[in-house]
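Written out below as structure tokens is the structure these notes cover.
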Amino acid sequence: MKNLLALFLLFVFATFIAKDWAQPNENQLIVETEELALRAENGIRNYSLKFINNMMKKVCQVTFQVKVPSGSTLESYRNMERISGTSDQFTLSDIDPIFPGQSYDQAGITVNGNDGQAPEVTIIEINSVLSTEKCPKEI
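Going letter by letter, the sequence shown gives residues -22 to -1, 1 to 117 in mature numbering (1 follows the signal peptide of the UniProt record, and there is no 0).
If you want it as structure tokens, here you go:
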């Protein structure tokens, strides 16, 4: 009887762990900010934003916030669109879906400020679908 109970508990524990591993984490879209190897003169620095999809879903659209260091200003941005009514929130411009394991690295920003600190990019919202489904813009 004890062996049967032990086997049952082991089964329940293993099932719990397996279910936990199988669940996609909705927050596994990573953003890397990398300073480009262009000249950084007069405090102007160019950064590439790389969005890496580590989720088990296809990413259709991303909303994110860009915070520049204190005393710096966001001079320009490329392949991203500012959200109306905000000064620091953006979406990626008309991207193709980012499939699991793939990345998007065509977005970038130019920051004016002489402290050399990288801007902070935070994901606000991810619109995603199962990899077998179509994103709204694909329909």
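Think of the CB as a built atom: it goes at the ideal place given N, C-alpha and C, for glycine as much as any other residue.
Counted within 10 angstroms of its Cβ, other Cβ atoms place residue i as buried (16 or more) or exposed
i       : result
Ser54   : exposed
Ser50   : buried
Pro114  : exposed
Phe29   : buried
Arg23   : buried
Trp(-2) : Unreliable positioning characterises Trp(-2) in this predicted model, as indicated by a pLDDT of 40, which lies under 50. A coordinate reading is not provided.
Phe77   : exposed
Start and end residues, beta strand (DSSP E) containing residue i
i      : result
Lys115 : From DSSP, Lys115 is part of no beta strand (DSSP E); its letter is neither H nor E.
Val40  : 36 to 45
Thr79  : Reading the sequence as shown, one finds Gly at residue 79 and not Thr. Counting along the chain, Gly79 falls outside any beta strand (DSSP E), and DSSP gives it neither H nor E.
Thr64  : Thr64 -> no beta strand (DSSP E), and no H or E assigned at all.
Asn32  : That residue, Asn32, is in no beta strand (DSSP E); it is neither H nor E in DSSP.
Secondary structure of residue i, DSSP reduced to three states
i      : result
Ser106 : strand
Met58  : strand
Leu7   : strand
Ile87  : strand
Asn20  : coil
Ile73  : coil
Leu27  : strand
Gln1   : Any reading at Gln1 is ruled out, since the residue's pLDDT is 43, under 50, leaving its predicted position unreliable.
Cα-Cα separation, residue i to residue j
i     : j      : result
Ile8  : Tyr82  : 11 Å
Gly91 : Glu111 : 43 Å
Leu52 : Ser62  : 16 Å
Ala96 : Asp74  : 27 Å
Leu70 : Val37  : 11 Å
Gly86 : Ser106 : 22 Å
Met34 : Asn20  : 43 Å
Gln80 : Leu14  : 21 Å
Gln67 : Tyr25  : 16 Å
Thr11 : Asp72  : 20 Å
Would the stretch 42 to 49 and the stretch 100 to 107 be scored as touching if the rule is three or more Cβ pairs under 8 Å? Taking a cut-off of 8 Å for Cβ pairs, the stretch 42 to 49 and the stretch 100 to 107 touch, as three or more such pairs fall below it.
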